[in-house]
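All the letters of the sequence shown, read from the start, carry residue numbers 1 to 349 under full-length UniProt numbering. Glycine included, every Cβ here is placed at the ideal spot set by N, Cα and C. This report concerns only the one structure given below.
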Amino acid sequence: MCLEVDKATDTAAIKKAHRKQSLRFHPDRALDQDEREEFVEKQSQLNDAMNVLLNPEKREVYDKAQFLTGMGEEAVRTFESHKQPEAYKNFDLSQKNIDPTKMVRHKEKADTKEMEVNLTFKQCMTGIFQKQEVDRRVRCSHCKGTGADKHEHHHTCKYCNGRGKWADIAEILPGITKEKNYVCDYCSGTGKHIDHDHTCDVCNGTGLEAKKDEILMIIKAGVFSGYKHTYEDMGDFDEIDHKLPSGDLQVTIQCPQEELFNGIVFSRQDQNIIARINITLVEALHGFNKSITLPDGHDVLVTKQGITQNNEEIQITEAGFSTFEGRQIGNFIMIANVVITDEDRTSFM
């Protein structure tokens with residue numbers, strides 16, 4: 001557990017440790033976006049740990065499973081998934097033999113499929129409302145996932161008796177054994193065997209076929225790199241158990257950090273937009289009004305009176321990326337680049 005507390009720690013000490021670690025890994029302390037995402041994940045782990053340690057039933061499940069098999073966190077996830085604490089009574093330390101297969105978390109659906117979508121600088125500013133093509137692996141329409149051309153050619157595996165796995169018993173502590181399960185090599189974990197001469201012509205015996213599908217992507221303005229959105233049941237079917245419902249699709253958005261537009265390089269810093277803009281020596285000495293077109297097409301008027309230093313930053317509030325997922329609306333920051341020509345040098349000699 002990431003709270004770094006002893007097994008006998010009481011409730012007050014657990015809460016104190018949680019507060020200490022939460023402050024240590026607070027996202028606002030992050031130095032960059034990668035570290036911020038790491039700290040957000042750390043906060044989630046800290047909350048999960050405190051939730052387990054403050055719940056007597058979950059804590060008992062974790063302690064027993066961790067001692068016996070080193071799979072405490074997996075046991076808690078299974079416990080939360082099935083809500084069946086009686087399934088863990090076999091972890092009584094007075095028993096010499098246990099059945100770790102009780103801990104196996106049976107899938108309710110196939111694993112989540114991950115996909116990245118690259119947006120342009122403009123799309124990240126304006127948001128998108130568009131269809132996106134998705135390549136999926138779905139249950140074969142001909143054999144319905146069996147992999148056989150006909151049902152009678154689909155048999156129960158004789159090596160694992162349809163279990164899809166075989167077991168090996170190992171002693172992990174004196175008097176305590178652990179059952180290790182291995183995928184059956186003969187049926188590849190399906191529990192079924194297909195006559196080699198009668199595989200499905202559509203999926204070549206895999207039980208799955210390729211399909212192009214579409215999702216409707218609605219992403220608000222101001223989105224940032226690393227933002228994730230989940231589309232339920234739009235992932236692939238399981239490679240082994242084709243009877244499981246299809247998994248989800250998790251889309252991760254990637255945004256460029258800079259873009260060349262109208263001869264100007266616009267860069268992004270959090271929700272701010274930064275650009276280095278050329279100004280003449282006369283403008284630097286007497287002030288200027290400049291209308292700058294941003295990559296999304298709208299104009300920003302930058303006004304400066306008096307002298308402007310080279311590399312001076314001029315900020316226009318709320319002219320950057322829109323607010324998104326708790327991030328405040330950004331600003332447009334112009335960095336003045338004073339251009340001195342040969343004519344300027346001659347006139348000042």
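Check                                                                                                                        : Outcome
Secondary structure of Ala284, DSSP reduced to three states                                                                  : helix
His229: first and last residue of the uninterrupted beta strand (DSSP E) it sits in                                          : Lys228 to Tyr231
Whole-number beta carbon distance between Phe237 and Ala110, since they are thought to touch under 8 Å                       : 5 Å
Contact set for Arg19: own chain, Cβ-Cβ below 6 Å, skip 5 residues either direction                                          : none
Alpha-carbon spacing of Leu54 relative to Arg29, whole angstroms                                                             : 27 Å
Bounding residues of the alpha helix (DSSP H) (the contiguous stretch that carries Phe39)                                    : Gln33 to Leu53
Exposure label - Ala284; buried when at least 16 CB within 10 Å                                                              : buried
Beta-carbon contacts of Gly162 that lie in its chain and below 6 Å, excluding the five residues immediately before and after : Thr156 and Gly191
Check whether Glu259 and Phe121 have beta carbons under 9 Å apart                                                            : yes
Reduced DSSP secondary structure (H/G/I, E/B, other) of Glu152                                                               : helix
8 Å contact criterion, which Gly226 and Glu37 should meet: CB distance rounded                                               : 6 Å
Sub-9 Å separation of Phe321 and Phe261 beta-carbons                                                                         : no
Integer-rounded CB distance, given that Tyr159 should sit under 8 Å from Tyr186                                              : 4 Å
Option nearest Leu281 by Cα separation, candidates Pro256, Ala336 and Ile274                                                 : Ala336
Same chain only: Cβ atoms within 6 Å of Arg139, ignoring 5 sequence neighbours per side                                      : Gly145, Phe237 and His242
Candidates Gln257, Asn278, Gly247 and Leu301, of which the one nearest Ile340 by Cα                                          : Asn278
Which listed residue (Glu41, Thr230 and Lys15) has its alpha carbon closest to that of Asn51                                 : Lys15
C-alpha gap between Ile273 and Phe332, whole angstroms                                                                       : 5 Å
Contact belief for Glu194 with His142 at Cβ below 8 Å, rounded distance in angstroms                                         : For clarity, residue 194 is Ile in the given sequence; the question names Glu instead. About 13 Å; that fails the 8 Å criterion.
Check whether Arg137 and Lys211 have beta carbons under 9 Å apart                                                            : yes
Where the alpha helix (DSSP H) through Thr11 begins and ends                                                                 : Thr11 to Arg24
Ser267 - partner residues in DSSP beta bridges                                                                               : Glu258 and Ile274
Own chain residues within Cβ distance below 8 Å of His198, not counting five before or after                                 : Ala148, Asp149, Lys150 and His153
Ser94 classed as buried or exposed, judged by whether at least 16 other C-beta atoms fall within 10 angstroms                : Its pLDDT being 39, under 50, Ser94 is placed unreliably in this model, and the coordinates cannot settle the point.
Residues that DSSP places opposite Arg137 in a beta bridge                                                                   : Ala210
Same chain only: Cβ atoms within 8 Å of Thr112, ignoring 5 sequence neighbours per side                                      : Thr230, Gly235, Gly247, Asp248, Leu249 and Gln250
Limits of the alpha helix (DSSP H) - the one that Gln123 falls within                                                        : Phe121 to Thr126
Alpha-carbon spacing of Gly326 relative to Ile316, whole angstroms                                                           : 21 Å
Neighbourhood of Glu343 by C-beta, 6 Å cutoff - its chain only, sequence neighbours within 5 removed                         : none
Burial state of Pro56, where buried means 16 or more other Cβ atoms lie within 10 Å                                          : exposed
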